[in-house]
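Residue numbers are given in the numbering used here: position 219 of the sequence shown equals residue 222, and the series is strictly consecutive.
Even glycine gets a Cβ: it sits at the ideal position worked out from N, Cα and C.
As structure tokens, the structure follows; a few thoughts come after it.
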Amino acid sequence: MEESPKEEFVVRPDPADPRLTKRVAGIDQTGAPIETSVTVERPLTLFLNGQEIVTMMTICDYPEYLALGYLLNQNMLRTDDRVTDIVYDDEIETVVVRTERPTDFEQKLKKKTLTSGCAQGTVFGDLMEKFGDIRLSSTARLKTSWLAALTRKINTAPSLYLEAGAIHGCVLCQEDRPLVYMEDVGRHNAVDKVAGYMWRHGLGPEDKIFYTTGRLTSEMVIKTVQMGIPILVSRSGFTAWGVELAREAGLTLIGRARGRRFVALAGEERIEFDLASGEGDDEPAAHRRKGSRGDDGE
């Protein structure tokens with residue numbers, strides 16, 4: 004298993020990448036002409052061993068990681084599978100994953116569950132297929148000083164969100180270090196890209212923290228648990244089923260994380276309160292995102 008990187012933001016968004024945003028002319032509320040950046044989304048069709056699995060709308064910056072993470076989180080790819088090839092063709096907007104083990108998911112693909120996420124995704128088969136069998140680390144810890152540092156670093160880092168908006172972000176963290184920062188038009192795509200990166204590079208989940216800009220829904224909880232990560236943090240709010248599943252799985256669930264402020268609704272025993280009252284910076288107004296204004300719709 005590969006050792007976790009020591010440096011921060013090993014992978015991060017690149018707002019300067021011309022493939023990911025474009026300038027569009029329009030007018031503002033006064034009728035004055037303006038030009039603004041908008042996020043570019045493109046279709047990506049995923050094949051597994053010759054079988055078409057799904058077409059996703061994505062910014063397509065890390066198609067290989069997205070493909071691997073999607074298959075892992077849909078339980079179509081096992082953690083012990085040997086991937087023999089991954090081929091991405093930008094011209095025909097496809098990515099093909101080939102494995103040593105023969106696969107056939109014809110029956111599973113017939114059963115769909117529409118998710119609650121933006122850029123509506125589908126979860127094939129049973130959502131709870133492996134959920135009850137996963138045991139999360141009981142020794143993982145989250146210091147409140149780490150949480151305050153993470154929210155500051157993530158929200159001030161260059162990103163497509165700050166450049167153009169209309170996008171979600173997910174960050175794999177260790178202690179107070181953001182390691183892998185992925186963005187996409189759908190938050191499930193961003194999650195899958197992180198999962199694909201972890202699997203491809205052999206990063207263990209036991210001591211990791213997963214940060215997302217999106218709501219803490221049942222699907223977000225399920226995917227985090229499937230990845231084996233014991234702590235899930237969001238700047239946005241909760242759903243009741245998300246909280247219930249987190250408690251069932253022993254997942255530490257923290258929402259409305261803004262600067263030193265947060266609300267924990269599950270797994271509170273992992274939290275170490277090492278910030279004194281009033282210590283640590285609150286979130287600067289200039290870097291507040293949608294969720295920080297009391298709006299949980301992100």
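Give every residue of the same chain whose Cβ lies closer than 7 Å to the Cβ of residue i, excluding the five residues on either side of it in the sequence, and list them in chain order.
i      : result
Ser119 : Low confidence applies to Ser119: its pLDDT is 43, below 50, so where it sits in the model is not reliable enough to give any reading.
Glu166 : Pro18, Thr24 and Ser40
Looking only at its own chain, which residues have a Cβ that is under 6 Å from the Cβ of residue i, when we skip the five neighbours before and after it?
i      : result
Met185 : Cys173, Ala193, Lys196 and Val197
Glu103 : Arg85 and Thr87
Ser237 : Thr215, Leu219 and Gly258
Val14  : Val183
Pro161 : Pro18
Ala28  : Glu38
Ala169 : Thr42
Taking all protein chains shown into account, decide if residue i is buried (16 or more other Cβ within 10 angstroms of its Cβ) or exposed.
i      : result
Thr215 : buried
Gly240 : buried
Ala279 : exposed
Thr82  : exposed
Lys211 : buried
Arg26  : exposed
Asp187 : buried
Ala35  : exposed
Pro105 : exposed
Ile30  : exposed
Glu44  : buried
Arg190 : buried
Ile62  : buried
Less than 8 Å between the beta carbons of residue i and residue j, yes or no?
i      : j      : result
Pro66  : Thr58  : no
Leu145 : Ile274 : yes
Ile137 : Ala252 : yes
Leu49  : Trp202 : no
His171 : Gly217 : yes
Leu254 : Leu235 : yes
Leu75  : Val100 : no
Ala152 : Glu209 : no
Glu5   : Gly205 : yes
Ser7   : Gln229 : no
Which residues bound the beta strand (DSSP E) around residue i?
i      : result
Ile62  : No beta strand (DSSP E) contains Ile62, which DSSP labels as neither H nor E.
Arg101 : Thr97 to Thr102
Leu49  : Arg45 to Leu51
Ala260 : Thr255 to Arg261
Leu312 : Outside the displayed span of the chain (4 to 301) sits residue 312, for which this structure offers no information.
Glu38  : Pro36 to Thr42
Ile170 : No beta strand (DSSP E) contains Ile170, which DSSP labels as neither H nor E.
Asp88  : Val86 to Asp92
Excluding the five sequence neighbours on either side, which residues of its own chain have a C-beta within less than 8 Å of the C-beta of residue i, listed in chain order?
i      : result
Asp277 : Lys146, Thr147 and Ser148
Asp107 : Gln54
Note the first and the last residue of the continuous alpha helix (DSSP H) segment covering residue i.
i      : result
Arg26  : Per DSSP, Arg26 belongs to no alpha helix (DSSP H); it is in the beta strand (DSSP E), Thr24 to Ile30.
Glu166 : Leu163 to Ala167
Arg15  : Where Arg15 is concerned, there is no enclosing alpha helix (DSSP H), given that its DSSP letter is neither H nor E.
Ile157 : Thr147 to Thr159
Glu271 : Run containing Glu271: none; DSSP gives neither H nor E here.
Subject >> beta strand (DSSP E) runs contained entirely in the segment 176-252, provided each spans 3 or more residues >> reply: 180-187, 212-215 and 234-237
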